[in-house]
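Only one structure is covered here, and it is reproduced in the block below.
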Amino acid sequence: MFNHFISSLVNADTVEVQETITSFLLSYIISIQDVQPVNAVIATLSTIAVRDTFELHIEAGGSHLTINTIPFDTAEVNAFAIEAEEVGEISVSLKITKNKVNDVISIYSIAEFEKYLSSAKFTAVLATLSSLLEGILHFNVMDSIGEFSTHTLSFGQSPSNVRTQNLDRRAIIGNFKEGSSFSGVSGFALLPNDFHFRDPCGRAAFDRFFALACGTLSLVYLSNVSDLDRDGKLSLRMYGYKAVIIENIDTDYVIQNAPMLYKIYRWVYDTDTVADRLGLARNVISLHLNQNGHPIFSQAVLDAIHSNYQIYLKGNIESYLEVKGKIAEMLLDAINKTNVLSESMLDSLKNNALIIITFLLTVVIINGVKDLSVNSVFSWPYLIIVVFLSATSWIWLRLMRSDVNDRFEVASVTLANVLQTNYQGVLLPNEINRSVTPAIAENKVQLQKQIDKYASWWNKMLWSFLLLYIAGFLVFNFVAGQKNINSDSKVETKEQHTERERSVKKITVKPRYIGPEM
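Each residue of the sequence shown is one higher than the one before, starting from 1 at the first, in our numbering.
In structure tokens, the structure reads:
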């Protein structure tokens, strides 16, 4: 209703709308030609929640009309409207003071309320909510919106239908004050639960503000000492295995880590042993810092906290680091074994090269020198032997490569199973997998690189040996063939010459006498 009315003020001058958690203010100046604009603003009064108080002030020329109750004097309103019509311009100011009744408070314009969340001082909003929130708080939105809620705050036209959860606020805050101190929000009585949406509401201003509030309060509840300045910047001190001291934490850092911060907070405070869990959480968090010295809040950190707590329950908190060290040693040993696997393939490559060299020296070269003919080195029998050796070597390469991969996979699965079996009572399975899986994956990548390199060498050697021998076979056999052809040609020519000589010898010429007859 109010958003629709505000949208209708397109011809008004200096329209101002402000909404906070506790108040709503509308003011504008508009030219009028009839009494309709006066009646329109007065009609909006019927949509104000009965739990709220208001004051409507309209000025036209020197005349004033003030309404702060319903019902109001209709005759007075009509007389003022006629006078305002003659003046031709009115100035309107409507102020609504919101009151919380039965844990319900109003929101008249969700768009203006979002602007308030985006622009208001963070500490001021928290202080206001802290003063209002005792158990649960329903925001009755006058606009048509989808309902959404946190554990204790709900927003919608019928907020009482939204599922909320009463928390033992006093107990949680009492546990917090025993191990922590906080300053910056007067009358502080808020929990991270108050700002944790079960699902994002889809409104950017709400999602950002509530994520910031949830993350900030989670950090406050996990720190030893914390302070929120007027600009909403958080500074904290956390004492674990290391001292973590951070000034003016960036809001984007808080928003980004809000989901995991809330999970850690819930794990610490949803129990009767808050002091023990809080100390463990601080210890682990202080060991996981980025290069800027800020804590890293990830699933790995939460798993480490859980594992630390399991060890703590067994009475040996220092064994956590010892177990992590043993896992690192086993992973290092696995890397060394992988190197041995790749070296075994290199040894096979060396043996293969030795076989080829032995063949060349003992079979081909020696026999060739003995026969005193290069043709005997590149003959058909030896070509068959070379092809056979090359094919056998290539098949052996494939088998060796497959064997190395299979042995690596078996060793990796065995390592993971051994670690899970031996340490699942100390570390969470996820934490073990988080340590083992990346190491195995990286190890496999390195192994494949080594295998590919050795296989490349192997193939180059085999193909070079085979192709060079085939080339020699073709060249020398072609030359030998040409010599045979030329030799045969010369032999035929000599035979033909000899045959001609024999033919000449067989021809006889009888002497013929020429002279006088006797």
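Glycine included, each C-beta is placed from N, C-alpha and C at the ideal position.
| message | Just to confirm the assignment, what range does the alpha helix (DSSP H) spanning L132 have? | response | F122 to L132
| request: With DSSP collapsed to three states, give me the class of A189. | output: coil
| query | Exposed or buried, what is V491 when buried is set at 16 or more other beta-carbons lying within 10 Å of its beta-carbon? | reply | Confidence in V491 is poor, its pLDDT being 49 and thus under 50, which makes the residue's placement too unreliable to answer from.
| Inter-residue Cα distance where the pair is N443 and G240 | Spanning the two alpha carbons is a distance of roughly 34 Å.
| What are the uninterrupted segments assigned as beta strand (DSSP E) that are 3 or more residues long and contained completely in the region 214 to 268, given in chain order? | 225 to 228, 234 to 239 and 243 to 249
| query | According to the Cβ coordinates, are L399 and W458 closer than 8 Å? | reply | One thing to note: L399 has its Cβ no nearer than 8 Å to the Cβ of W458.
| query | In angstroms, rounded to a whole number, what distance separates the CA positions of A243 and F113? | reply | 40 Å
| task | Out of H306, I82, I96 and S218, state which residue places its alpha-carbon closest to the alpha-carbon of I172. | result | S218
| request: With DSSP collapsed to three states, give me the class of H138. | output: strand
| request: Tell me, please, which residues DSSP counts as bridged to E16. | output: For E16, DSSP records a beta bridge to S27.
| Taking all protein chains shown into account, do 16 or more other C-beta atoms lie within 10 angstroms of the C-beta of F24, making it buried, or fewer, making it exposed? | buried
| Cα-Cα separation, A353 to F388 | Taking the Cα positions, A353 is about 15 Å away from F388.
| request: Put T53 into one of helix, strand or coil per three-state DSSP. | output: strand
| message | For the structure I just gave you, are there three or more beta carbon pairs, one from the region 67 to 74 and one from the region 21 to 41, closer than 8 Å? | response | no
| query | Is the beta carbon of L212 sitting closer than 8 Å to the one on I246? | reply | no
| message | My output table needs one value for K177: the three-state DSSP class, helix, strand or coil. | response | helix
| field | Counted within 10 angstroms of its Cβ, other Cβ atoms place P519 as buried (16 or more) or exposed | value | Absent from the model: residue 519. The displayed extent of the chain is 1 to 518, so no value can be given.
| query | Taking DSSP as the reference, what is the three-state secondary structure of E147? | reply | Looking at E147 - three-state DSSP - the assignment turns out to be coil, as it is neither helix nor strand.
| task | Return yes when the Cβ of I432 is within less than 8 Å of the Cβ of L419, no when it is not. | result | yes
| Coil, strand or helix - P37 by DSSP | helix
| query | If you run the structure through DSSP and keep just helix, strand and coil, what is S91? | reply | strand
| query | Thinking C-beta only, is G187 closer than 8 Å to S130? | reply | The Cβ atoms of S130 and G187 lie closer than 8 Å to each other.
| For S119, the first and last residue of its enclosing alpha helix (DSSP H) | I110 to S119
| task | Could you check what DSSP says for P295 in three-state terms: helix, strand or coil? | result | strand
| said: Check whether the region 144 to 156 and the region 192 to 199 touch, using three or more Cβ-Cβ pairs below 8 Å as the test. | reply: yes
| For F182, does the three-state DSSP call read helix, strand or coil? | Correct three-state label for F182: strand.
| Under 8 Å between the Cβ atoms of I48 and I110? | It is not a contact, given that the beta carbons lie outside the stated cut-off.
| request: Confirm, please, whether the CB-CB distance from F176 to Y108 is below 8 Å. | output: no
| message | Relative to the C-alpha of L466, which candidate in D231, I384, S435 and R230 has its C-alpha closest? | response | I384
| query | Quick one, are the C-beta atoms of A84 and A60 less than 8 Å apart? | reply | yes
| query | Since F155 is in the beta strand (DSSP E), which residue starts that stretch and which ends it? | reply | L153 to G156
| query | In its own chain, which residues sit with a C-beta less than 6 Å from the C-beta of I335, not counting the 5 before and 5 after it? | reply | So the qualifying residues of the chain are N443.
| Span of the beta strand (DSSP E) holding I67? | S63 to I67
| query | Opposite A60 in the DSSP bridges: which residues? | reply | In the DSSP output, where bridge partners are listed per residue, A60 has S63.
| query | Contact check, I305 vs V284 under 8 Å by CB: the rounded distance? | reply | 5 Å
| said: With a threshold of 6 Å on Cβ separation, who are the neighbours of L132 within its own chain once the five nearest residues in sequence on each side are excluded? | reply: K100
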